[in-house]
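Asker: Count the sequence shown with the working numbering and you get residues 12 to 109, in order.
Sharing a structure below in C-alpha cells format, with a few things to ask.
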Amino acid sequence: MNQTNRNYRATFIIDNRGEEDTVEKIIDEVKSEITSLQGEISNVEDLGKRDFARVTDRKLVGAPYVQITYSAPGNAPADLKERLRLNHNIYRIFIQSA
Numbered sequence: 012m013n014q015t016n017r018n019y020r021a022t023f024i025i026d027n028r029g030e031e032d033t034v035e036k037i038i039d040e041v042k043s044e045i046t047s048l049q050g051e052i053s054n055v056e057d058l059g060k061r062d063f064a065r066v067t068d069r070k071l072v073g074a075p076y077v078q079i080t081y082s083a084p085g086n087a088p089a090d091l092k093e094r095l096r097l098n099h100n101i102y103r104i105f106i107q108s109a
C-alpha cells in the first residue's frame, strides 16, 4: 500500500550551551533524521536566537530557533519526536501540519 505524504512545519529550539557543536551541525542531524523517515525537506529557515517569554531554566534564557518544512508519511511526526526526545541538543520540538 502506498502511503501519501503530508506537509509539516517543525520548529526546533536548539540548546547548544556547553557544546562545541554549531547550530548548523545540529540542523544537519535533524535533517538526516527526517530523511531517514522517508521525509523530503523543502525549506530550512534559521530564525535566529530569541529570548523566552517564560524562563524555565535560569541558565537558558534564550536559544536559537530553526524551522524546517518537510513532507513525510502520517506517522513521521510521532517517530521524529521519539527519535529526538533523548537528544540533549534539542530543547523543544513543535510539529504542525502545513
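Yeah, the Cβ is synthetic: ideal placement off N, Cα and C, and Gly gets one too.
Give the straight-line distance between the Cα atoms of THR67 and ARG20, rounded to the nearest whole angstrom.
Answerer: To locate residue 67, count along the sequence shown from 1; it is residue 56. To locate residue 20, count along the sequence shown from 1; it is residue 9. Looking at the two C-alpha atoms, the distance is approximately 25 Å.
Asker: So ALA83 is in the beta strand (DSSP E); what residue range does that whole segment cover?
Answerer: Working through the sequence shown from its first residue, we reach residue 83 at position 72. Counting along the chain, the beta strand (DSSP E) containing ALA83 begins and ends at 73–83.
Asker: Does any residue of chain C bring its CB to less than 8 Å from the CB of TYR76?
Answerer: Given the protein chain composition of this structure (a single chain), no chain C is represented.
Asker: Expressed to the nearest angstrom, what Euclidean distance is found between the alpha-carbon atoms of VAL72 and GLN107?
Answerer: Here residue 72 is taken as the residue at index 61 of the sequence shown, counted from 1. Here residue 107 is taken as the residue at index 96 of the sequence shown, counted from 1. Cα-Cα distance, rounded: 25 Å.
Asker: So ILE79 packs on LYS92, CB below 8 Å; how close in whole Å?
Answerer: Reading the sequence shown from its first residue, position 68 is the one you call residue 79. Reading the sequence shown from its first residue, position 81 is the one you call residue 92. About 13 Å; that fails the 8 Å criterion.
Asker: Nearest-angstrom Cα distance between HIS99 and PRO88?
Answerer: Indexing the sequence shown from 1 puts residue 99 at position 88. Indexing the sequence shown from 1 puts residue 88 at position 77. Distance between the alpha carbons of HIS99 and PRO88 is about 18 Å.
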